[in-house]
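Here is the structure we will look at.
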Amino acid sequence: MAALAGAGEAHAYIVNINSGDRAVYLRVGDGRFAGRYSNGGTPLAGGAISRVSVSVPAAQVGNGTSLSMAANGRTTSDWDGYQFCNAGQLYVGGFFRRPGNAQGGSLDASLTVTAPATLTNASGDTIPISEISWTSSGNGDGGATQPVPAGTFQGGQQTLASNFFRNTWRESCLSFRYANSQIVGAGTYTARVTYTLTAP
Numbered sequence: 103m104a105a106l107a108g109a110g111e112a113h114a115y116i117v118n119i120n121s122g123d124r125a126v127y128l129r130v131g132d133g134r135f136a137g138r139y140s141n142g143g144t145p146l147a148g149g150a151i152s153r154v155s156v157s158v159p160a161a162q163v164g165n166g167t168s169l170s171m172a173a174n175g176r177t178t179s180d181w182d183g184y185q186f187c188n189a190g191q192l193y194v195g196g197f198f199r200r201p202g203n204a205q206g207g208s209l210d211a212s213l214t215v216t217a218p219a220t221l222t223n224a225s226g227d228t229i230p231i232s233e234i235s236w237t238s239s240g241n242g243d244g245g246a247t248q249p250v251p252a253g254t255f256q257g258g259q260q261t262l263a264s265n266f267f268r269n270t271w272r273e274s275c276l277s278f279r280y281a282n283s284q285i286v287g288a289g290t291y292t293a294r295v296t297y298t299l300t301a302p
């Protein structure tokens, strides 16, 4: 999460961090952290799996009017505790740390998301995962380019950011929408997507 927050400001979406022992941390929605990273805090394993959902009124199914989806989970940054996301947004943030500060090529991490081709209900009916898209923002970011860009799920693995530079903290808030372009049967449709931060 590239304008940096200046000294004394409480928020930023890309922050340079000190080089040090090799470490990779990614939080999507909820996550666990001891303290704040800016004050020497450290990541912990665990945290609930976040859910992004929408209920479509029967009279609106497949009418082509997209609907906002709501995510659950924590909305504050583990960098400094700032309220970076708003209710209903999904926080995605973390860092790749290693000795030295050179960047580029095989020195940087890559953020990917892997999704199934469809959402499925108990009857086996499906909705293409490509019906779900997202925009990216953050409170106090000044409208600058987000490290996790806007996009649409395609099914399979997608690269969201190949320039997750080492020794930086990066974070974005994702707002999801359901395209609602298909008439589908009643039911609860589910799918699980996995975000992965891979370091060389």
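Using the numbering used here, read the sequence shown as starting at 103 and increasing by one per residue. Even glycine gets a Cβ: it sits at the ideal position worked out from N, Cα and C.
Quick one: measure Cβ to Cβ for residue i and residue j, integer angstroms, because I've assumed they're closer than 8 Å.
i                 : j              : result
glutamine 259     : threonine 214  : 5 Å
serine 274        : glycine 245    : In fact, because the Cβ distance is near 13 Å, the residues do not count as touching under 8 Å.
asparagine 223    : glycine 289    : 3 Å
phenylalanine 135 : glycine 148    : Between glycine 148 and phenylalanine 135 the Cβ distance is about 10 Å, and since that is not below 8 Å, they are no contact.
threonine 167     : asparagine 282 : 6 Å
proline 201       : glycine 122    : 7 Å
serine 232        : glycine 287    : Not confirmed; about 19 Å, so no contact.
With 16 other CB atoms within 10 Å as the buried threshold, where does residue i fall?
i              : result
serine 238     : buried
serine 179     : buried
histidine 113  : Confidence is the limiting factor: at histidine 113 the pLDDT is only 45, short of 50, which leaves the residue's position unreliable, though a coordinate-based value still follows. Histidine 113 comes out buried.
asparagine 188 : exposed
arginine 268   : buried
glycine 195    : buried
alanine 160    : exposed
Could you check whether residue j and residue i sit closer than 8 Å to each other, using their CB atoms as the reference points?
i                 : j                 : result
glutamine 54      : leucine 262       : It is not possible to answer for residue 54, since the shown part of the chain is limited to 103 through 302.
phenylalanine 266 : phenylalanine 186 : no
tryptophan 271    : valine 117        : yes
isoleucine 229    : threonine 216     : no
glycine 253       : serine 235        : yes
glycine 257       : proline 218       : yes
aspartate 227     : tyrosine 115      : no
arginine 138      : aspartate 210     : no
With respect to the beta strand (DSSP E) encompassing residue i, which residues constitute its N-terminal and C-terminal limits?
i              : result
proline 145    : 144-146
threonine 265  : Per the sequence shown, the amino acid found at residue 265 is asparagine instead of threonine. Run containing asparagine 265: 258-266, per the beta strand (DSSP E) assignment.
glycine 287    : Segment: none, glycine 287 is in no beta strand (DSSP E) and carries neither H nor E.
arginine 134   : 134-136
tryptophan 236 : 234-239
alanine 160    : From DSSP, alanine 160 is part of no beta strand (DSSP E); its letter is neither H nor E.
glycine 196    : 192-199
proline 230    : 228-230
Three CB pairs or more closer than 8 Å across the segment 121-132 and the segment 293-301: yes
At least 3 beta-carbon pairs within less than 8 Å: the segment 170-178 vs the segment 137-155: yes
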